[in-house]
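Structure (structure tokens):
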């Protein structure tokens, strides 16, 4: 080859290398656009650092391991700390250009990991990962597949079998993807990633991500075009194939998301373009334009499918680096045999034989890169945790890893501080002429409104507290007055009742005078009724004043219910009602106040009798619930209570309107309120089920704590 031709090829390789280096800027923009704002600085500096690490590692050992004199096709043994000598002719220049080109490839493989582990991997842990990948994993497999590329004339063992990977679908992209997969499995998903998936599904800055994708697309022309290592007639074909595959991948991804979600997804569309580029990287020199479009489109489908699989398995890849670079890279490598032209392979293998070799290369890459990467990173993680703390992750890696801050970070920090302290008296800082500043200004206006509302509510609350205090004082005075008046009235009433009984026995006992006997009976009944009302008022006042004392004991429920039914049966029969008592056998004892229990039952049965027309029925039931509670139910076929009147029925001294033919006696409206209060004092619940015209059922359920197991007859 002449000097001029060598010079032309060297220039071409240098130009393509610069394009490949442009991909580093593309990765930086893409990843910073896709992650959350609090981690953008960290992701950007990782892209700078990993390229620095990869450059130095590839110079010292990587290039020698990959392209040095082979040891049985397994590993290179020369060119360590690569230095071909100063300006010793075109051959030296081309060798330096080749090193430059391959070093850019190593940087590309290394930076793939950055996006996958974003937002939770420590900076030092990432640098160690980049070192392992660029110094050992990438160059060793690269020697197996590319070791004879124009350098020593000796082939790596995979290359010798006929393995084809033109520009690195597997060597570069799948290797980076396998290590990325190992890393994300070790460090785990971001906090809340799969518990609050919606919070992680939005791109921080989609336009910058799109810009990054275009930088990668442009750089890929150098990636694939430069892999010819010469400016020959195949270069235009390769570049067009690259363009067509990327466009097909982008459109397929866009249409798939449009069909499935009702709108084209921006991020998935970007990844579709990149998946098409990754897929065409291996077969770009052995396919036609139609096959290129097919390869790119299928690459997008494969990437989206792998992305869905990772999500179902709850494997967190922040920018879908594994689906795009690993999954699409595998497909592109296999596509060499499936869609490539056998005449262009140069291996002499049949299509099936070539597919076997391609599959072997894919499998070996997975076993070596994932296996070694997982083992080494797992060991490193034992001594030096690869993941940042939960506090650092919540804070964001910009601040926790680099001490950096942004306007949006400062705003979020101020808002979060207010959320934790509850102090909204201070406005958040506003940085002028920024989007964060506009948000802060709007937030401050919200704070002003909140403070205004809080002031008004505090004033209203103070007024309500004052009104409550006055109401409590009035209620206490009322309760005290009722209690005092009840005591004052009970003494003469007891005397009236007692004297009426004496008169009835002593004066009229021996004398048969029905008219006066009836007068005395009316006095006795009226006094008894009035005393009952006063007792109810006194009991309710005591309960409201929290001074009602229960005289509790273990009660036999059957005895109490039978006693109550005897007391009310005469009244039920006088109204021509059917009164039934149903008591479940072997009921347990109830720990309760007997007087209060009787009062609750009599009040409920009296109300049922009172509001049930002639010919109706009233039932009193006692049963043990499946959950162990004891239930007492009073049901009737009376007039019922409308739902809107239920609350009023439990107000003291309230009377519900009723048909005069049903309403049999006057009352004070204390029965239900007193019953409910007595039930509460026993920690019991009272439930009303009523329908107008159909009847009412009221159930009191006593808690398990008040149920006493029945003792044996002995």
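In this note's numbering, the protein residues as written are -10 to 703. Glycine included, each C-beta is placed from N, C-alpha and C at the ideal position. None of the values given here were measured: they were computed from a predicted structure.
The C-beta distance from residue 328 to residue 389 rounds to 48 Å, too long to meet the 8 Å contact threshold. The DSSP assignment places 127 to 135, 146 to 150 and 164 to 176 as complete runs of the alpha helix (DSSP H) inside the stretch 113 to 176, in order along the chain (cut-off: 4 residues). In this structure, residue 376 sits near residue 109, with a CB-CB distance shorter than 7 Å. Exposure of residue 378 is indicated by the presence of fewer than 16 other C-beta atoms within 10 angstroms of its C-beta. Annotation: residue 23 to residue 195 spans about 7 Å, alpha carbon to alpha carbon. Contact check between the stretch 159 to 170 and the stretch 353 to 367: three or more CB pairs, one atom from each, fall below 8 Å, which counts as touching. Check the Cα spacing between residue 130 and each of 107, 680, 154 and 116: the tightest is with 154.
No residue range can be given for residue 634, since it is assigned to no beta strand (DSSP E) and is classified by DSSP as neither H nor E.
Straight-line spacing of the CA atoms in residue 133 and residue 163 works out to 14 Å. The beta carbon of residue 29 lies closer than 6 Å to those of 21 in the same chain, with the five residues before and after it left out. For residue 179, the number of other beta carbons within 10 angstroms of its own is at least 16, and it is reported as buried. The beta carbon of residue 334 sits closer than 8 Å to the beta carbons of 151, 153, 275, 325 and 343 from its chain, once the five residues preceding and following it are set aside; these are given in chain order. Counting the other Cβ atoms within 10 Å of the Cβ of residue 427 gives fewer than 16, which makes it exposed. Rounded to whole angstroms, the separation of the alpha carbons of residue 675 and residue 569 is 21 Å. Taking one beta carbon from each stretch, the stretch 248 to 257 and the stretch 226 to 236 have fewer than 3 pairs nearer than 8 Å; the two do not touch. Taking the CA atoms as reference points, residue 558 sits about 14 Å from residue 605. Taking 7 Å as the cut-off, the beta carbon of residue 202 is found no closer than this to the beta carbon of residue 121.
In this structure residue 65 is in contact with residue 56, their Cβ atoms being roughly 6 Å apart against a cut-off of 8 Å. Secondary-structure assignment with DSSP links residue 110 through a beta bridge to 376. Burial check for residue 49: the Cβ neighbour count within 10 Å stays below 16, so the residue is exposed. Secondary structure at residue 639: coil, using DSSP grouped into helix, strand and coil. Closest in alpha carbon position to residue 242, among 294, 208, 214 and 198, is 294. Distance from the CA atom of residue 560 to the CA atom of residue 598, rounded to whole angstroms, is 8 Å. Look at residue 200 here: in three-state DSSP terms it is helix.
Rounded to whole angstroms, the gap between the alpha carbons of residue 539 and residue 696 is 16 Å. A straight line joining the alpha-carbon of residue 408 with that of residue 392 spans about 23 Å.
In this structure, residue 95 places its C-beta atom within 7 Å of the C-beta atom of residue 47.
Here residue 683 is not near residue 577, since their CB atoms are 7 Å or more apart.
By the Cβ-count criterion, residue 617 is exposed, with fewer than 16 other Cβ atoms from all chains shown falling within 10 Å of its own Cβ. Taking C-beta atoms under 8 Å as the contact rule, residue 351 and residue 97 fail to qualify, at a distance of about 19 Å. Under the three-state reduction of DSSP, residue 279 is assigned to helix. According to the DSSP assignment, residue 242 belongs to the alpha helix (DSSP H) that extends over 223 to 250. Per the C-alpha coordinates, the member of 636, 613, 671 and 672 positioned closest to residue 661 is 636. Annotation: the continuous alpha helix (DSSP H) that includes residue 661 extends over 660 to 670. Pairing residue 157 with residue 270 gives a Cβ-Cβ distance under 7 Å. Under the 10 Å beta carbon count, residue 594 is surrounded by 16 or more other beta carbons and is classified as buried.
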